[in-house]
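Here's the structure, in structure tokens; my notes come after.
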Amino acid sequence: MMDTIFQIFFSIDSGFLIYVLLLALAFDILIGEPPAAVHPVVWIGKFIQVFRDHAPSSHRKGYGVFMGLATIVFASLIGLTVLLVATFEPIPEAVRLLIAAYFLKSTFAVQSLLSPAKEISYDLMNDRLQQARDKLPIFVSRDPSSLSKEQASSAVIESVSENYVDGILTPLFYYMLLGPFGLIGAYAYKAVNTLDSMIGYRNETYLELGFFSAKFDDILNWIPARLSILFIAGASAVISVFSSGKADVASSLKLASTQAQNTPSPNSGYPMAATAGAIRVRLEKPNNYVLGDEYSVPQPDDIQRTSQIIFIASILSVAALAAVINYVWT
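Have a look at this one:
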């Protein structure tokens, strides 16, 4: 087994890794999410659900650690299996590339993040506030029933900005970091992130059960969250130079450096503050945090501006990570 693993390491070069990364991005933009039945992250979610449904009433923190480690192993085995297929030379290289790209794409989501945000912005701009509220649970856990148009816009902008990190940048960061074993890294992270989304809540039910998952997710997102400032500022610069839209690079960097720690989360404030500064809006979760308090409240069209920034930031992320792969893993 170890010999096979070393063969993987020496048989995958930077060119293969970059082609897989670029194809995965193309899959996401052109096709979107695969059906649930063949979506690896759905498999991970079902694996977690079995553990969650059988959680004991005592020793829940220890059980949560066991559940977390078991899920990471399960997801990593998915990545390892794909690597074994991707290095099986009797299969044509083009097919191996497509298989690896499909599984890498399944660890991140650009279109499925931005498309619902655009739908909500259209609802709000056309005074369909209730329809927008009905769609908000896709993004936020807060009660949307009493949110105003401006508060709903803020909630979507906050969520899109935050999810750029854990839903796009971080899995690709670990793909880059582990090089030939990058798919294993991306899937191990996705296991932790899926655990956090399912049990990482600070309430009586999940406080102990999800403790390990929530903390580990914070650790794994620590570096990417801070890197996101550069990509969001870079996207703002691209918009300022090449588009008729307006995005403030200086304000993005300033707000991220001064107000990112206003949020209870150690990571989410960085992309949210960078985005708030870029489009110069006030983001607020009532009784929780305020970012950009010197700016006016956001309007529905600011959701579209945010989506543009995050889309460009995602492209810049892939380009930068591909460059690092080419430099480090050649």
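Quick note: the sequence shown uses our numbering, first residue 3, plus one each step. Cβ coordinates follow ideal geometry from the N, Cα and C atoms, glycine included.
Task: Pro182 classed as buried or exposed, judged by whether at least 16 other C-beta atoms fall within 10 angstroms - done: Translated into the one-based positions of the sequence shown, residue 182 becomes position 180. When all chains shown are included, Pro182 counts as buried.
- [ ] With distances taken Cα to Cα, identify the nearest neighbour of Ile317 among Ser238, Val97, Phe214 and Pro139.
- [x] On the sequence shown, position 315 is the one that residue 317 refers to. The option with the nearest alpha carbon to Ile317 is Ser238.
Task: Reference Ala154; option with closest CA among Leu171, Asp168, Gly187 and Lys120 - done: Residue numbering aside, residue 154 sits at position 152 when the sequence shown is read from its first letter. Ranking Leu171, Asp168, Gly187 and Lys120 by Cα distance to Ala154 puts Lys120 first.
Task: Proximity below 8 Å, CB of Ser163 to CB of Val299 - done: Numbered from its first residue, the sequence shown carries residue 163 at position 161. Numbered from its first residue, the sequence shown carries residue 299 at position 297. Result no, Cβ atoms of Ser163 and Val299 do not sit closer than 8 Å.
Task: Whole-angstrom distance between Asn269 and Ala227, CA atom to CA atom - done: Here residue 227 refers to the residue found at position 225 of the sequence shown. Here residue 269 refers to the residue found at position 267 of the sequence shown. About 6 Å.
Task: Val87 - containing alpha helix (DSSP H), residue span - done: As a first step, residue 87 is located in the sequence shown; it is residue number 85 there, counting from the start. It spans Arg62 to Ala88 - the alpha helix (DSSP H) in which Val87 sits, taken as one unbroken run.
Task: Where the beta strand (DSSP E) through Val292 begins and ends - done: Within the sequence shown, residue 292 is the residue found at index 290, counting from 1. Per DSSP, Val292 belongs to the beta strand (DSSP E) from Tyr291 to Leu293.
TODO: Report the three-state DSSP secondary structure of Ser298 (helix, strand or coil).
DONE: Taking the sequence shown and counting its residues from 1, one reaches residue 298 at position 296. Strand.
- [ ] Pull up the CB-CB distance for Val167 and Pro273, whole angstroms please, since I reckon it's below 8 Å.
- [x] Along the sequence shown, one-based indexing puts residue 167 at 165. Along the sequence shown, one-based indexing puts residue 273 at 271. Indeed they touch by this definition, with Cβ atoms about 5 Å apart.
TODO: Within the same chain, show all residues whose beta-carbon is closer than 6 Å to that of Met200, passing over the 5 residues directly before and after it, in chain order.
DONE: Here residue 200 refers to the residue found at position 198 of the sequence shown. Ile50, listed in sequence order.
Task: Inter-residue Cα distance where the pair is Ile20 and Ile33 - done: As a working note, residue 20 is residue 18 in the sequence shown. As a working note, residue 33 is residue 31 in the sequence shown. Looking at the two C-alpha atoms, the distance is approximately 19 Å.
Open item on the list: Going by DSSP, what residue range makes up the alpha helix (DSSP H) through Glu152?
Closed with: On the sequence shown, residue 152 is found 150 positions in, with the first residue counted as 1. Its alpha helix (DSSP H) spans residues Lys151 to Tyr166.
Task: Three-state secondary structure (DSSP) of Glu286 - done: Numbered from its first residue, the sequence shown carries residue 286 at position 284. Strand, per DSSP.
TODO: Mark Phe244 as exposed unless 16 or more other C-beta atoms lie within 10 angstroms of its C-beta, in which case mark it buried.
DONE: Residue numbering aside, residue 244 sits at position 242 when the sequence shown is read from its first letter. Looking at its Cβ environment, which holds fewer than 16 other Cβ atoms inside 10 Å, Phe244 is exposed.
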